[in-house]
Amino acid sequence: MNPLIFDLGEKILQGGKITFEEALKLEKINGSDVYFLLAYANQIREKFTGDRVEVCSIINAKSGGCSEDCAFCAQSAFHHADILTYDLLDEEVILNKAKAMEATGAHHFDLVIQGYGISHNDPHFKKIIQIYERLRNETNLKLCACLGTLTREAAKALKNAGVTRYNHNLETSKSFFPKVVTTHSYEDRVATVKIAKEAGMEVCCGGIIGLGESPQQRLELAFALRDLQVDSVPINILYPHPGTKLAGQERLAPLEILKTFALFRFVLPGKIIRFAGGRELNLGDLQPLGFLAGLNALIVGGYLTIPGDETAKDLAMLNALGLKY
């Protein structure tokens, strides 16, 4: 085993923090040593977060026709992806999905809408608040929201309605962001993260790997998330949806994906790091190794525009690994 893995792994297990320069050295590790890196990431996960996996479900509550040009997103009006497009879903549809996911074992439920952002003056906002109030009263789920950029007034209203966690991904590193999105800025996203935290909500903030960024830029994202002190970090793997700008993007090798998970655990030892979109396509039968590389959460029941594995299959995977949920 490369002694660097042992030295830095023990440093973190004893409560230290890895530096960016040290993380860059770990990123250079290859061959059979990658498996030792995964094993140390798993030890770090066990020490700082235990053996419980957080299970989250999301619903695409308003789909398609988005004003933003995110290169990866099938919902962008700039693209020509073949997806369902609809306005805000009926309240009962959302309530029924939430209750069904709770019954299958989900802990969190996240309402997601397309668009740049939302304010308390948005025509849909009053209805969204009403939906959250019903979810709070009629389920035991922990409630999450993913509504784009936020005003302080909207953040406060969501918190008062029962939302405990706000999702707003940075998507990628600051240095790579302009190659992925041009209709809003990286700073816009950081500002919303800070507004959500100021309102007293936890923050779920991560990104997508496999967009064409370098390994160093993936680490830049991990350290930016550490600096922002986010609570939960979803790691999506690009699903090259036909009709988007990145439809022809070359997919990352499975071992590169797993190494990235391990590096994020080294950088963020005590955080929730979540298996998110693209895991089925990019890892297939190797998905269980994600949890042995330091992950401790996952999204079940499908994503925004692509289906996922059956929830029962995902939970059976956790059981087989001896993990609790």
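The numbering used here numbers the first residue of the sequence shown as 252 and each following residue consecutively.
The C-beta atom is built at its ideal place from N, Cα and C for all residues, glycine as well.
Since we're looking at a predicted model, the values are computed, not measured.
Would you check whether the ligand COA has a heavy atom nearer than 6 angstroms to the C-beta of H492? For the structure depicted, the ligand COA is absent and the ligand set is empty, with no information on it obtainable.
Discussion item. I'd like to check one pair, T495 with I334: are the Cβ atoms closer than 7 angstroms?
Written reply: no
Is it right to say D338 is buried, meaning 16 or more other beta carbons lie within 10 angstroms of its own, or is it exposed?
exposed
Q. Under 7 angstroms between the Cβ atoms of R516 and R296?
A. yes
Could you tell me whether the Cβ atoms of R477 and L519 are closer together than 7 angstroms? yes
(Q) Between L289, L275 and L549, which has its C-alpha nearest L509's C-alpha? (A) L289
Self-check item: Assumed close pair A450, K410 - CB separation to whole angstroms, cut-off 8 angstroms
Solution: 5 angstroms
For this session: Using three-state DSSP, classify I486 as helix, strand or coil.
Result: strand
Identity of the residue in T300, I379, K268 and K276 nearest P254 by Cα:
K276
Name the two residues that bound the continuous alpha helix (DSSP H) containing T355.
-> E342 to T355
Closest by CA to I382, which one among P466, K564, A412 and E272?
A412
Inspect the beta-carbon positions of E464 and F427 and report whether they are closer than 7 angstroms.
-> yes
List the DSSP bridge partners of S308. F360 and V551
Answer with yes or no whether the minimum CB distance from L398 to chain B is below 7 angstroms. This model lacks chain B altogether; it includes just one protein chain.
**OP:** Tell me whether Y367 is buried or exposed, calling it buried when 16 or more other Cβ atoms sit within 10 Å of its Cβ.
**Re:** exposed
| query | At what residues does the alpha helix (DSSP H) containing V444 begin and finish? | reply | Y437 to E449
*For A292, which three-state DSSP category applies?*
helix
**Request:** For H359, count neighbouring C-beta atoms within 10 Å of its own C-beta (all shown protein chains included) and say buried if the count is 16 or more, exposed if not.
**Result:** buried
For the beta strand (DSSP E) that contains Y417, what are its first and last residues? V414 to N418
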